[in-house]
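Colleague:
2 protein chains.
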Amino acid sequence: MSANEAKSTRKGRPAETIGEPALPDETEQAQRFEKARSAQARAVLEDYAELIDDLLTSGGEARPTDIARRLGVSHPTAIKSIARLKREGLAASEVNRGVFLTAAGHELAARARARHRVVVDLLVAVGVPRACAELDAEGMEHHVSDIALAAFSRFLKR
Amino acid sequence: MSANEAKSTRKGRPAETIGEPALPDETEQAQRFEKARSAQARAVLEDYAELIDDLLTSGGEARPTDIARRLGVSHPTAIKSIARLKREGLAASEVNRGVFLTAAGHELAARARARHRVVVDLLVAVGVPRACAELDAEGMEHHVSDIALAAFSRFLKR
DNA sequence: ACACTTATGTAGCCTTGGCTACATACTACC
DNA sequence: GGTAGTATGTAGCCAAGGCTACATAAGTGT
């Protein structure tokens, strides 16, 4: 069966004629969504790493309740996520002690923060109010690829 | 206890001195993350609605397997998500028949597609290669607020 | 008509990331 | 040193969004 007819044989609908909107290639589109999903999976880890790093830098200690409060979640949720960070070798802690980052975790945090800053700056540069930029960047940053990030930096330098 | 000391009484660490990086306000930060989480919850629905709308427009029919293939997921996953769309009043279908959108679903799809387009255009405008822009936009678009979107449009018009 | 292929739907499992409720461990203070 | 208060941790629940395996339905072709 010749690929083009194969898609629409069911119910005898005629093969798609030319002149229609033309969707992107099927597998390419699938890859886009796949990439977005994997970015989403990393997002939580990045948020935690970045926040823990911030707390350590500015206050000296990153405690589960502080983390939970800042992320707007309950403390058990925070503890569970921290456990995942530990599983993935990004953080470490002993019972009833504050959390700290491993080298890998620190590196992740640094990259996340750098990206965050660039994204906010870009948004502001194209006319988004600062407060709104901070809000929107929180979700967007995890989906910005290195290539796009480099483009952002270049744009900001002008 | 005077709020400022309260945060750091544990283990006798002295209250935070001035001159440190200064984190954003606690509750404001929590709201940022909360907003990002709720955007994420909408993301799947938007992706499905937009895709279904695309399929209906360009091919005449939106069938679960096509949807699954284009999203890069298994067909049971797609069917489950479609069930959620139906639950939320965005889509409808009968057994063994293609999916279609309700008025609400169509409206959501239209908004999602418009936003998608603006985001891609903005990325391209600031120097991101087209292919990369398409990839990154897929994840970013769900986090762009109306205010930012308006700013993007204004920027593109110049 | 019967067989074959593909599409659709169901069942059941996993992980993530939310939550509440409860138990335990600190710390501070009198 | 005991008590109050806060932090920490555990258990168990839920929904979302992945998956595989299986069963049924619908077209296709000989």
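Chains A and B supply the protein sequences, listed in that same order.
Just so we're aligned, residue 68 is where the first sequence starts under the working numbering, counting upward by one.
Just so we're aligned, residue 68 is where the second sequence starts under the working numbering, counting upward by one.
In this text, a Cβ means the ideal position worked out from N, Cα and C, and glycines have one as well.
One question on the structure: do A/Ala179 and A/Leu157 come within less than 8 Å of each other, judged by their Cβ atoms?
Modeller: No; because the gap between Cβ atoms is not below 8 Å, this pair is not in contact.
Colleague: Using a Cβ-Cβ cut-off of less than 8 Å, list which residues of the region 205 to 216 of chain B approach chain A; keep chain order.
Modeller: Those residues of the region 205 to 216 of chain B that come within reach of chain A (Cβ to Cβ, closer than 8 Å) are Glu205, Gly206, Met207, His209, His210, Val211, Ser212, Ile214 and Ala215.
Colleague: Within its chain, find whatever has a CB closer than 6 Å to the CB of B/Glu117; leave out the 5 residues flanking it on each side and keep chain order.
Modeller: Within the same chain, B/Glu117 has close Cβ partners Ala176, Ala179 and Arg180.
Colleague: For chain A, find out if any of its Cβ atoms is closer than 8 Å to the Cβ of B/Val195; answer yes or no.
Modeller: Yes, its Cβ sits closer than 8 Å to a Cβ of chain A.
Colleague: As a quick exercise: from B/Ala200, B/Leu202, B/Val186 and B/Gly194, pick the residue whose alpha carbon is nearest that of A/Asp203.
Modeller: Comparing Cα-Cα distances from A/Asp203 to each of B/Ala200, B/Leu202, B/Val186 and B/Gly194, the minimum goes to B/Val186.
Colleague: Using only CA atoms, which one of A/Val211, A/Ile149, A/Glu174 and A/Ala200 lies nearest to B/Leu190?
Modeller: It is A/Val211.
Colleague: According to DSSP, is A/Leu90 part of a helix, a strand, or is it coil?
Modeller: Three-state DSSP puts A/Leu90 in coil, outside helix and strand.
Colleague: Since I believe A/Ala135 is in contact with A/Ala150 (beta carbons under 8 Å), could you give me their beta-carbon distance rounded to a whole number of angstroms?
Modeller: Rounded, the Cβ-Cβ distance is 13 Å, inconsistent with contact.
Colleague: Would DSSP call A/Leu189 helix, strand or coil?
Modeller: In the structure shown, A/Leu189 sits in a helix (DSSP, three-state: H, G or I).
Colleague: Determine whether the beta carbon atoms of A/Leu90 and B/Asp188 lie at a separation below 8 Å.
Modeller: Cβ distance not < 8 Å, so A/Leu90 and B/Asp188 don't count as in contact.
Colleague: Please list, in chain order, the residues of the region 84 to 113 of chain B that have any C-beta partner in chain A closer than 9 Å.
Modeller: Flagged, chain order: Glu87, Pro88, Ala89, Leu90, Pro91, Glu93, Thr94, Glu95, Gln96, Ala97, Gln98, Arg99, Phe100, Glu101, Lys102, Ala103, Arg104, Ala106, Gln107 and Ala110.
Colleague: Check the Cβ-Cβ distances between B/Arg46 and every residue of chain A, and say whether any is below 8 Å.
Modeller: Limits of chain B in this structure are 68 at one end and 225 at the other, which puts residue 46 of chain B out of reach.
Colleague: So is B/Glu161 buried or exposed if we call it buried at 16+ other beta carbons inside 10 Å?
Modeller: Answer is exposed; the Cβ neighbour count stays below 16.
Colleague: Assuming B/His142 is part of the alpha helix (DSSP H), what are its boundary residues?
Modeller: Its alpha helix (DSSP H) spans residues His142 to Arg154.
Colleague: So for A/Leu157, helix, strand or coil by DSSP?
Modeller: Residue state, collapsed to three classes: coil.
Colleague: How many Å lie between A/Leu168 and A/Asp133 at the Cα?
Modeller: Distance between the alpha carbons of A/Leu168 and A/Asp133 is about 16 Å.
Colleague: What are the residues of the region 132 to 162 of chain A that lie near chain B, defined by any Cβ-Cβ distance shorter than 7 Å?
Modeller: Taking 7 Å as the Cβ-Cβ cut-off against chain B, the residues of the region 132 to 162 of chain A that qualify are Arg136, Arg137, Leu138 and Gly139.
Colleague: Does the distance from the C-beta atom of A/Glu205 to that of B/Lys102 stay below 8 Å?
Modeller: For A/Glu205 and B/Lys102, yes; Cβs fall inside 8 Å.
Colleague: Got a sec? Which residues, its chain only, sit under 6 Å from A/Glu208 by beta carbon, not counting five neighbours each side?
Modeller: Counting only Cβ-Cβ distances below 6 Å, and skipping sequence neighbours, we find Arg182, His183 and Val186.
Colleague: Look up B/Val111 in the DSSP assignment and say whether it is helix, strand or coil.
Modeller: The answer is helix: DSSP assigns B/Val111 an H, G or I state.
Colleague: Using 8 Å as the threshold, is the C-beta distance between A/Ala110 and B/Gly139 below it?
Modeller: For A/Ala110 and B/Gly139, no; Cβs fall outside 8 Å.
Colleague: Can you tell me whether B/Met68 is buried or exposed? The criterion is at least 16 other CB atoms within 10 Å of its CB, across all chains shown.
Modeller: With a pLDDT of 34 at B/Met68, under the threshold of 50, the modelled position of this residue cannot be trusted, and the question is left open.
Colleague: If you measure from the beta carbon of B/Asp203 to each beta carbon in chain A, is any gap under 8 Å?
Modeller: Cβ-Cβ to chain A under 8 Å: yes for B/Asp203.
Colleague: Thinking just about the alpha-carbon of each residue, which of B/Val193, B/Ala198 and B/Arg197 is nearest to the one in B/Phe222?
Modeller: Nearest C-alpha to B/Phe222: B/Val193.
Colleague: In the DSSP assignment, find the alpha helix (DSSP H) that holds B/Arg221 and state where it starts and stops.
Modeller: Unbroken alpha helix (DSSP H) run through B/Arg221: Asp213 to Lys224.
Colleague: Just reading off the alpha helix (DSSP H) that A/Thr132 is part of, what are its end residues?
Modeller: Taken as a continuous stretch (DSSP letters only), the alpha helix (DSSP H) holding A/Thr132 covers Pro131 to Leu138.
Colleague: For chain B, check one thing: does any of its Cβ atoms lie closer than 8 Å to the Cβ of A/Ala181?
Modeller: It does not; no Cβ of chain B falls within 8 Å.
Colleague: Could you pull out every residue in the same chain whose Cβ sits closer than 8 Å to the Cβ of B/Phe219, ignoring the five residues on either side in sequence?
Modeller: Here the set comprises Val185, Val186, Asp188, Leu189 and Val211.
Colleague: On the DSSP letters alone, give me the boundaries of the alpha helix (DSSP H) that A/Arg164 sits inside.
Modeller: Segment: none, A/Arg164 is in no alpha helix (DSSP H) and carries neither H nor E.
Colleague: If you draw a straight line from the C-alpha of B/His173 to the C-alpha of A/Gly165, how long is it?
Modeller: Straight-line Cα distance between these residues: approximately 49 Å.
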